[in-house]
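In what follows, a single structure is set out as structure tokens and then discussed.
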Amino acid sequence: MSHRQDSPERRGIDRRRFLTTAALGGATIVGASALGGLDADAAFAAPMPSLDPAIAKSAFAEGRITAINGSVLEVAGSYGDQHLIQLTNATSVWKLRPTTAEEIKVGDGLYARGVDMPDGTIAADAVWVNIVNLYCTVKGIAKDRLHLAHGAQDHAVVGRIVADTTTASYLGGALTSDLSRVRIGQSAQILGAWRPEDDAIDIARVTVGH
Amino acid sequence: MIPIVSDLAPLLCGVLLAVTGAGKLFGRRTAQLAANTVLVRVLNDGRRAGQALRAVGAAELAVAAALLAAPRAVVPGVATAVLGAGFVGYLGYAKVTAPESSCGCSARAEGPIGARSFARAGLVLLGGVAAATATTAWWTEMIRRPGWSALCVVAAAALLLAVSADLDHVWLLPLRRLRIRLFGSPLAPAGGGPVPVAASVELLEQSLAWQAASPIVRSALLDDWDDEGWRVLRFAGVYEAPGRGARPVNVLFALDTDASIDTTASPAVRVSVIDDATDEMVPVDLLAGSGVRAVLPMAR
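Protein sequence lines correspond, in order, to chains V and R.
Just so we're aligned, residue 1 is where the first sequence starts under our numbering, counting upward by one.
Just so we're aligned, residue 1001 is where the second sequence starts under our numbering, counting upward by one.
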């Protein structure tokens, strides 16, 4: 899946081995929580209130990337606002899947969560690039794509199925790579990455049967 | 042109234009539809775009009436061809300048301009040319050759059905459903092996471990890898040790690669917090603030 490596491959593998050992040396916590997550879906939710009052409130930004200067993204917000988003090596980058800052292109859309800095930039904890969340009806199923209709006016959308990435959830079940149970005519929630080049969507997750 | 096609063209074009024209002129949603077309930009005003779309509808109705009433006259056919040519030109302009805009063609379904929109406009153009060359009134032709006429009408209706998105639910979707029922879904069934990473993250996010670690975790998933039956998920975070200030950390979660919310309601997750600068394990009592005491002894 994702391969974020700070150094050449060999060192990356050694680093992972070290981190695996560290991870397995940690305490085991058993049980379920009722709280939601901070992953891709959360980009659409209100910034989650921190459980720890010591942590500053999260800042939130969205818009189109107009320029990339080193590790700073210049973002034009949808409401005429401007943001400077500072990426660090602790910033998670989602673009269909967890990836690296090199995948971010000028013209991409972006949601970012981070912390306001004194110089006016936002130090990003997490950015979601081109993320879209659509409620659609499945109109057609092909080997590598779903034909979808979106909104009250049935706007046609092509959802591309990406091998080893696209997952499905049926009736609230666990996410699975089994896509064969998607049916024509079903209502589906599509979480994915918009493709500026052809206006299609790479599907990360299709949720049906709710 | 084939004589029977030419002679029936006024009927076919007339009915088509009457339906689409009436839809545009009297439709309650015309103004709403116009707002999504390129007309808004051309006319600089949403209200005027709606009026323009209604005016086009009125013109279509007038041409339709002329086609149906005076099938042998040249002028209604030429007017139809001009309308068709106008539609093609409008679609071409809209496609180049605003490809995502709606075509507003049939005043019902909305959708981006595609091959079907051009095919529809082209058919109106061709139908107009055919109608202009009609030599016999369509009612005379239908009485003279009822069988062929019916065939022509059915073929034309099928052609219109194929290029119109409005009626997809009548024939296209059932056809696609039938194909899947006969040949199975073209999409892959589940493969064996570990669950997708997204399923592990989903399980993690519903776990007590995640709740306990959430005051520290700041990023979304940074990295993941599998190692000997374990799936390790790495997040970045900030830990504020009492009296020592905040420091950047890696928060590592390890889960069974086969576990998902389908297999367990009470996930067992190993959590550790590693100082990002020194790689030292940061001693954190994650459950101290969560009100739950369910720490199992470290399994080795």
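Ideal Cβ positions, reconstructed from N, Cα and C, are used throughout, including at glycine.
Own chain partners of residue i with C-beta closer than 7 Å, once the 5 adjacent residues on each side are dropped
| i | result |
| --- | --- |
| Y78(V) | In the sequence as displayed, the identity of residue 78(V) is Ser instead of Tyr. Hits under 7 Å: E62 and G63. |
| D199(V) | none |
| C136(V) | L148, A149, H150, V157, A188 and I190 |
| W194(V) | G109, N130, V132 and I201 |
Beta-carbon proximity check, residue i vs residue j, cutoff 8 Å
| i | j | result |
| --- | --- | --- |
| I1304(R) | V1251(R) | Outside the shown range of chain R (1001 to 1300) lies residue 1304(R), about which nothing can therefore be said. |
| G1077(R) | G1128(R) | yes |
| R145(V) | I131(V) | no |
| R1177(R) | I190(V) | no |
| S71(V) | Q86(V) | yes |
| A182(V) | V208(V) | For clarity, residue 182(V) is Val in the given sequence; the question names Ala instead. Yes. Within cutoff. |
| G12(V) | S1272(R) | no |
| A1070(R) | L1125(R) | no |
| F1253(R) | A174(V) | no |
| L65(V) | D108(V) | The sequence shown places Ile at residue 65(V), not Leu. Yes, Cβ-Cβ distance for I65(V) and D108(V) is below 8 Å. |
| L1161(R) | P98(V) | no |
| T165(V) | A1190(R) | no |
| A1198(R) | R205(V) | yes |
| P1194(R) | D1227(R) | no |
| S1219(R) | T21(V) | no |
Distance, residue j Cα to residue i Cα
| i | j | result |
| --- | --- | --- |
| W1171(R) | G1092(R) | 28 Å |
| R1244(R) | S187(V) | 52 Å |
| L1053(R) | Y1090(R) | 12 Å |
| D178(V) | L1187(R) | 8 Å |
| L1067(R) | A1137(R) | 10 Å |
| A156(V) | T28(V) | 47 Å |
| G1229(R) | D1256(R) | 6 Å |
| Y111(V) | V93(V) | 10 Å |
| S1149(R) | A1064(R) | 19 Å |
| V1238(R) | T121(V) | 19 Å |
| V30(V) | A1288(R) | 15 Å |
| R1028(R) | G1184(R) | 42 Å |
| I1274(R) | M1281(R) | 5 Å |
| A1035(R) | A1165(R) | 20 Å |
| S1117(R) | L1083(R) | 14 Å |
| E1060(R) | T1020(R) | 8 Å |
| D1276(R) | P1196(R) | 27 Å |
| G1050(R) | V1042(R) | 12 Å |
| A1107(R) | V1096(R) | With a pLDDT of only 48 at A1107(R), under the threshold of 50, the placement of this residue in the model should not be trusted; the figure read from the coordinates follows. Near 21 Å, if we compare the C-alpha coordinates of V1096(R) and A1107(R). |
| R1144(R) | V1040(R) | 48 Å |
| D1279(R) | P196(V) | 40 Å |
| E1205(R) | D14(V) | 27 Å |
| F1087(R) | V1056(R) | 10 Å |
| P1248(R) | R16(V) | 18 Å |
| A168(V) | K143(V) | 15 Å |
| I203(V) | V1074(R) | 53 Å |
Paired residues, beta bridge with residue i - DSSP
| i | result |
| --- | --- |
| T1257(R) | DSSP output for T1257(R) lists no bridge partner at all. |
| E62(V) | Y111(V) |
| N133(V) | L191(V) |
| T176(V) | A168(V) |
| N1250(R) | A1236(R) and I1274(R) |
| Q86(V) | V72(V) and A123(V) |
| R145(V) | R160(V) |
| P98(V) | W94(V) |
| M1281(R) | I1274(R) |
| V208(V) | Y170(V) and A188(V) |
| R1231(R) | D1226(R) and L1255(R) |
| I201(V) | G159(V) and W194(V) |
| D116(V) | I122(V) |
| V1269(R) | I29(V) |
Member of the options whose CA lies at the smallest distance from the CA of residue i
| i | options | result |
| --- | --- | --- |
| A1158(R) | L1123(R), A1132(R) and L1178(R) | L1123(R) |
| S33(V) | L1287(R), D1276(R) and S1207(R) | S1207(R) |
| L19(V) | D1223(R), S1266(R), I1261(R) and P1248(R) | D1223(R) |
| L96(V) | I201(V), T121(V), K57(V) and T137(V) | I201(V) |
| D1168(R) | L148(V), G192(V) and T166(V) | L148(V) |
| A101(V) | A204(V), R16(V) and A126(V) | A126(V) |
| S1200(R) | G1191(R), A1155(R) and I1261(R) | I1261(R) |
| C1013(R) | C1152(R), A1198(R), G1147(R) and N1036(R) | C1152(R) |
| A1265(R) | L1203(R), R1218(R) and T1278(R) | L1203(R) |
| W1139(R) | P1010(R), V1284(R), P1283(R) and T1278(R) | P1010(R) |
| V1163(R) | A1121(R), R1047(R), L1175(R) and L1182(R) | A1121(R) |
| A1241(R) | L1008(R), V1284(R) and R1234(R) | V1284(R) |
| G192(V) | I68(V), D154(V), W128(V) and P118(V) | W128(V) |
Own chain residues within Cβ distance below 6 Å of residue i, not counting five before or after
| i | result |
| --- | --- |
| S1006(R) | A1130, T1133 and A1134 |
| A1213(R) | V1251, V1271 and L1286 |
| G114(V) | A59, I122, A123, A124 and D125 |
| P1003(R) | none |
| R1231(R) | S1200, L1255 and T1257 |
| L171(V) | G209 |
Same chain, Cβ closer than 8 Å to residue i, five either side skipped, listed in chain order
| i | result |
| --- | --- |
| L1017(R) | E1060, L1061, V1063, A1064, L1067, T1080, L1083 and V1124 |
| P1174(R) | none |
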